[in-house]
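Right, one structure below, let's go through it.
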Amino acid sequence: MAGRKKKQKRPLAEGVVPPPKRVRRRPAPELSPRTVRRTAWLVGLLTPVLLAGTATLGSNPDYQPACGIVAFLILSAGIIGIGFVRASGWVILPAALFGVLLLAITGNSVRAQILSHRGEETSVVITAAHSAKDKSGKVSWTCDIRRADGQPLPHARVGGFGCGGTYDVGDTMTVVVDPQGWAPPAALDEDLDFDGSAVYVVAALAALWSLLTLTAARRTLRESTAPSGRKAAGPKSSDPKSSGRKAAGQKSGR
1 MAGRKKKQKR PLAEGVVPPP KRVRRRPAPE LSPRTVRRTA WLVGLLTPVL LAGTATLGSN
61 PDYQPACGIV AFLILSAGII GIGFVRASGW VILPAALFGV LLLAITGNSV RAQILSHRGE
121 ETSVVITAAH SAKDKSGKVS WTCDIRRADG QPLPHARVGG FGCGGTYDVG DTMTVVVDPQ
181 GWAPPAALDE DLDFDGSAVY VVAALAALWS LLTLTAARRT LRESTAPSGR KAAGPKSSDP
241 KSSGRKAAGQ KSGR
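Those letters in the sequence shown? Residues 1 to 254, per my numbering, in order.
Listed below in structure tokens is the structure:
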């Protein structure tokens, strides 16, 4: 037994390409209905709240870079959670769209709400002007400003068409300033009422995210329970026939 040689595979002929090896893919583990429900409620309710809260904190330019990174991580975790709830289907694309819109709209709407409620018109002096041109050739202006009365001004920068089109460096203009210094100043030509009304859009996007997640979980649970119900119905339908045959056999035996 110990002296036997191992069988060697025959070499392939010249020009023959060996067939590729089959990779055995393990099926993805199916989550229990209880886990699907818990994940759906957690992702559907917690993700939009965290996204809106992070974007609200990011309305302050001091926290905007860090909040942008945190918001990206929250959105990625939320999309992965929806993928666990509904691994296949069209649910991922609208979820990502709702999340991006939620982040983009919340910051501007919160800033507009703050300036609309407690903003004060203040005279400022333009200290520098910066222009930028986008791909379509449209020029936008941003001006560095300081208060005319010499008091400190947080986030001393303002944008708008009036900044570069009407005023020059050293001129005085009037802007809306947050006295508490949270929101950056806004030019008078900026429509704060329109931006502030976007808060209702934020609430609608959060509700759509939650509804989409819970609907996906409900569909997943329906598909997971349908096969088990059919299998369970099979033996019940065959029980009367088998019992009838057994009874007939017993009578004939007697």
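Glycine included, each C-beta is placed from N, C-alpha and C at the ideal position.
Distances from the alpha-carbon of Ala203 to those of His155, Leu102 and Pro20 put Leu102 closest. One thing to note: Val158 has its Cβ no nearer than 7 Å to the Cβ of Glu121. For Asp193, the enclosing alpha helix (DSSP H) begins and ends at Leu192 to Gly196. About 18 Å separates the beta carbon of Ile145 from that of Ile114, a gap too long to meet the 8 Å contact definition. A Cβ-Cβ contact shorter than 7 Å links Ala183 with Arg111.
Sequence-distant Cβ neighbours of Pro179 in its own chain, meaning closer than 7 Å and more than five residues away, are Arg118 and Glu120. Annotation: the continuous beta strand (DSSP E) that includes Arg147 extends over Val139 to Arg147. Counting only the Cα atoms, Leu45 lies some 21 Å from Ser109. For Arg219, the secondary structure class from DSSP, reduced to helix, strand or coil, is helix.
The criterion of a C-beta distance shorter than 7 Å is satisfied by Thr47 and Gly78. Around Thr213, the same chain offers Ala40, Val43, Gly44, Ile82 and Val85 as residues with beta carbons nearer than 7 Å, after the five sequence neighbours per side are excluded. In the DSSP assignment, His117 falls within the alpha helix (DSSP H) that extends over Ile92 to Arg118. Straight through space, the alpha carbons of Ala198 and Ile105 are spaced by roughly 7 Å.
Nearest neighbour of Leu205 by Cα position, chosen from Arg219, Thr220 and Ala95, turns out to be Ala95. At the C-beta level, Thr220 and Val91 stay beyond 7 Å of one another. A straight line joining the alpha-carbon of Val100 with that of Pro20 spans about 42 Å. Setting aside the 5 residues that flank it on each side, Ala128 is surrounded in the same chain by Asp144, each with a C-beta closer than 6 Å to its C-beta; the list follows chain order.
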